[in-house]
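Residue numbers (full-length UniProt numbering): 1 to 223. All C-beta atoms, glycine included, are put in the ideal place defined by N, C-alpha and C.
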């Protein structure tokens, strides 16, 4: 395994993600750990996949199916390395040989949550971890909404797979709308609490996603 070192990008650097420059409050510096070449694909096909930490079997199955299809189409998947849907999105991309990027609400050298330690190390080896917080910064609750604006800001669209009405996923979806990004959602069982977030988004105009093809067609991405 190649030893990875932390590197940083200033907003004026050529490698800084172009989509992120477009948002109202882009970070002046990004700290990165992992495969630098993943940054090269961030100007083409990039989709954020987010959702609840307390996923159901249905949510996990949906995430695996949709993300596998995105990987097969060469789409880079962005998420937040949280438990649940985020972790499944990253893991599925890695297993499929796809590109995936995690945005943290702490320094890139801080493993959080600790339960994702194994996935964190896989991301360093075959994916990319980024943060606006310098190395060594520990996670704090107020850092995660700031992290979420980068998840949406790096992406052409945000796809929500399971989430309640008051959740980080819905915050990310709102930030995506503010940034002019497409918002998409996977419908779920009508009596399930985790379906309330996606149902709300769909009622308010989000693109309904039942497969990766729905995302690709909505964004008019080359296959």
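C-alpha distance - residue i paired with residue j, whole-angstrom precision
| i | j | result |
| --- | --- | --- |
| residue 108 | residue 136 | 8 Å |
| residue 163 | residue 11 | 32 Å |
| residue 215 | residue 161 | 13 Å |
| residue 126 | residue 172 | 25 Å |
| residue 101 | residue 181 | 18 Å |
| residue 206 | residue 65 | 20 Å |
| residue 1 | residue 35 | Interpretation of residue 1 is limited by its pLDDT of 46, a score under 50 that renders its predicted location unreliable; no figure is taken from the coordinates. |
Neighbourhood of residue i by C-beta distance below 7 Å, restricted to the same chain and skipping five residues each side
| i | result |
| --- | --- |
| residue 177 | 183 |
| residue 122 | 94 |
| residue 17 | 39, 42, 154 |
| residue 188 | 58, 162, 194, 195, 198 |
Chain-order list of residues whose beta-carbon lies under 6 Å from that of residue i (same chain, five-residue window excluded)
| i | result |
| --- | --- |
| residue 76 | 41, 46, 99 |
| residue 140 | none |
| residue 28 | 11 |
Opposing strand residues paired with residue i [DSSP bridges]
| i | result |
| --- | --- |
| residue 14 | In the DSSP output, where bridge partners are listed per residue, residue 14 has none listed. |
| residue 129 | 33, 102 |
| residue 160 | 50, 185 |
| residue 76 | 46 |
Close beta carbons around residue i, own chain, < 8 Å, minus the five adjacent residues each side
| i | result |
| --- | --- |
| residue 5 | 33 |
| residue 213 | 69 |
| residue 134 | 31, 107 |
Whole-number beta carbon distance between residue j and residue i, since they are thought to touch under 8 Å
| i | j | result |
| --- | --- | --- |
| residue 48 | residue 208 | The Cβ separation is near 17 Å, so there is no contact. |
| residue 67 | residue 169 | Between residue 169 and residue 67 the Cβ distance is about 15 Å, and since that is not below 8 Å, they are no contact. |
Counting only runs that start and end within the segment 1-74, where is the beta strand (DSSP E) found for 3 or more residues in a row?
-> 7-10, 29-34, 46-51
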